[in-house]
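Chemist:
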Amino acid sequence: MSLDSSAPLQDASRRSASLRLRLGLAMPVVVGAMVGWFEWRDGGFEPLLPGLTHAVELVAALSVALMLLVEALLLRPLRQLASGCEAMESAPAPQAADMPEPRLGAELDRIGHAMHRAQGSLWQHDHEARELRRQLAEQRDLLERAHAALEANQRELASLARIDALTGLTNQRAFDESLRREFKRAQRQRGLLALAVLDLDEFKQFNERHGTAVGDATLQRVAALLNERFKRDTDIVARLGGEEFVALLPGCGMAEAQGVLELVREDLRALHLPDGRGDLTLSIGLAALSPAHPYLSAQALMQAADEALYIAKHAGRDRLSLAA
1 MSLDSSAPLQ DASRRSASLR LRLGLAMPVV VGAMVGWFEW RDGGFEPLLP
51 GLTHAVELVA ALSVALMLLV EALLLRPLRQ LASGCEAMES APAPQAADMP
101 EPRLGAELDR IGHAMHRAQG SLWQHDHEAR ELRRQLAEQR DLLERAHAAL
151 EANQRELASL ARIDALTGLT NQRAFDESLR REFKRAQRQR GLLALAVLDL
201 DEFKQFNERH GTAVGDATLQ RVAALLNERF KRDTDIVARL GGEEFVALLP
251 GCGMAEAQGV LELVREDLRA LHLPDGRGDL TLSIGLAALS PAHPYLSAQA
301 LMQAADEALY IAKHAGRDRL SLAA
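Reading the sequence shown from the start, the letters are residues 1 to 324 in the UniProt record's numbering.
1) On the three-state DSSP scale, how would you describe Arg-209?
2) Quick one: Cα of Met-302 to Cα of Leu-193, how far?
3) So, Arg-221 versus Leu-271, is the Cβ gap smaller than 8 Å?
4) Considering only DSSP beta bridges, list what Pro-250 is partnered with.
5) Hey, out of Phe-230, Gly-36 and Asp-267, whose CA is closest to Leu-282's CA?
6) Can you tell me which of the three DSSP states Asp-126 falls into?
7) In three-state terms, what does DSSP make of Lys-188?
8) Can you find at least 3 beta carbon pairs, one from the region 247-264 and one from the region 285-301, that sit closer than 8 Å?
9) Output needed for Asp-306: all residues of its chain with C-beta closer than 8 Å, excluding positions within five of it in sequence on either side, in chain order.
10) For Val-70 versus Pro-28, is the C-beta spacing smaller than 8 Å?
11) How would you call Arg-239, buried or exposed, if buried means at least 16 neighbouring beta carbons within 10 angstroms?
12) Within 10 Å of its beta-carbon, does Ala-96 have 16 or more other beta-carbons around it, so buried, or fewer, so exposed?
13) Pick from Ser-18, Gln-189 and Arg-103: whose alpha carbon is nearest that of Arg-79?
14) Can the beta-carbon of Asp-216 be found closer than 8 Å to that of Glu-244?
15) Determine the closest residue to Asp-247 out of Gln-172, Lys-204, Tyr-295 and Ala-300, with distance taken between C-alpha atoms.
16) Go ahead and pull the three-state DSSP assignment for Arg-79.
17) Should Pro-294 go down as buried or exposed, given a rule of 16 or more other Cβ atoms within 10 Å for buried?
18) Would you call Ala-148 buried or exposed, if buried means 16 or more other Cβ atoms sit within 10 Å of its Cβ?
19) Which value, in whole angstroms, describes the spacing of the CA atoms of Gln-189 and Ala-165?
20) Count the other CB atoms within 10 Å of the CB of Gly-112; is the residue buried (16 or more) or exposed (fewer)?
21) Do you know offhand how far residue 325's Cα is from Val-264's?
22) Going by DSSP in three states, Asp-242 sits in which element: helix, strand or coil?
23) Can you tell me whether Glu-128 is buried or exposed? The criterion is at least 16 other CB atoms within 10 Å of its CB, across all chains shown.
24) At the level of alpha carbons, what is the spacing between Ala-312 and Leu-280?
25) Name the one or two DSSP bridge partners that Leu-289 has.
26) Can you look up Ser-283 in the DSSP assignment and give me helix, strand or coil?
27) According to DSSP, simplified to helix, strand and coil, what is Thr-170?
28) Span of the beta strand (DSSP E) holding Leu-301?
29) Going along the chain, which residues of its own chain have a beta-carbon closer than 8 Å to the beta-carbon of Ala-323, five neighbours each way excluded?
30) Considering just the uninterrupted stretch of the beta strand (DSSP E) at Leu-322, what are its terminal residues?
31) In whole angstroms, what separates the C-alpha of Leu-213 from that of Leu-219?
32) By DSSP, does Leu-200 sit in helix, in strand, or in coil?
33) Alpha carbon to alpha carbon, what distance is there between Gly-32 and Val-56?
34) Mind checking who Val-237 pairs with in its DSSP beta bridge?
35) Rounding to the nearest angstrom, what Cα-Cα distance links Gly-251 and Arg-180 in this structure?
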């Protein structure tokens, strides 16, 4: 009877001794399969390949953690159980009533519950990792959108800083920069540069008769007319403020610019305004830089055009005056 019962106990002892080795070899394979399955379920194997190093590190860490958990909850009790079996083998055979079968069943139940908790913990960590990746992706997307919106706002502000809001023409700040640049270019190349200052006659009274809304619409139509007449890529038309406009014409001499500006005056008379044809007139002062007629600075050229406009106003308006 003792020989027949000792053979299974010795076999159980040998199996428990090799169980740790087999678990140590099988654990990375099982964990790797589980991690691969989770990644495949999230998006296929293509996203897994760039993060292969991370996946290997994750498998190694989980394997070590599970091995330590199995060691504490399974292997150690099994070793204790094997030691108890060996002690029982050397001791006299107990009576059937003294066999600790209920205690052994409770121990196995405890081990089973511990393994179940470990599996649940693994699933929970995987879920938290996937949720963290999703939140990071959302934050990255929000940052990219905010950056794109900021760049768009900066471009819009830069554009508004150089454009007149009412007419869409270049504003005075941008015009002053263009005037200095083109004046230096004309001086360096000994070229031509014409500058005309245009002012709507008695526009204040026009606004009083028709209202500011009609006045604003009229300024927009005048701006469109100037854009139609000065269509070269190098021409610059700007609104200096109120009813005053300016045209900078690189490469144009006095005579050529005068001809175009006279056409502008005729076009303005032909506009259909609230009081009919000829409701508004235009006074123009024109100055031109040339090798035969130089100016010391861009400000001097602008001053000459302003003085010519002053002469046109005091000579009866609705005319073009040339700088001396």
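Quick reminder that beta carbons are idealized off the backbone N, C-alpha and C, glycines included.
Modeler: Let me lay it out:
1) helix
2) 11 Å
3) yes
4) Leu-193
5) Asp-267
6) helix
7) Residue identity differs from the one stated: residue 188 is Arg in this sequence, not Lys. Of the three classes helix, strand and coil, the one that applies to Arg-188 here is helix, per DSSP.
8) yes
9) Val-197 and Gly-285
10) no
11) buried
12) Note on Ala-96: pLDDT 47, under 50, position unreliable in the model; no value is reported.
13) Ser-18
14) no
15) It should be noted that the sequence gives Ala, not Asp, for residue 247. Nearest of Gln-172, Lys-204, Tyr-295 and Ala-300 to Ala-247, Cα basis: Gln-172.
16) helix
17) exposed
18) exposed
19) 34 Å
20) exposed
21) Given that the chain is displayed from residue 1 to residue 324, the structure contains no residue 325 and the question cannot be resolved.
22) In the sequence as displayed, the identity of residue 242 is Gly instead of Asp. In this structure, Gly-242 counts as coil in the three-state DSSP scheme.
23) exposed
24) 15 Å
25) Leu-193
26) strand
27) strand
28) From DSSP, Leu-301 is part of no beta strand (DSSP E) but of the alpha helix (DSSP H) over 298-314.
29) Gly-285, Leu-286, Ala-287, Ala-288, Ala-304, Ala-305, Glu-307 and Ala-308
30) 320-322
31) Looking at the sequence itself, residue 213 is Ala, so the reference to Leu does not match. Taking the straight line from one Cα to the other gives about 10 Å.
32) strand
33) 8 Å
34) Ala-247
35) 15 Å
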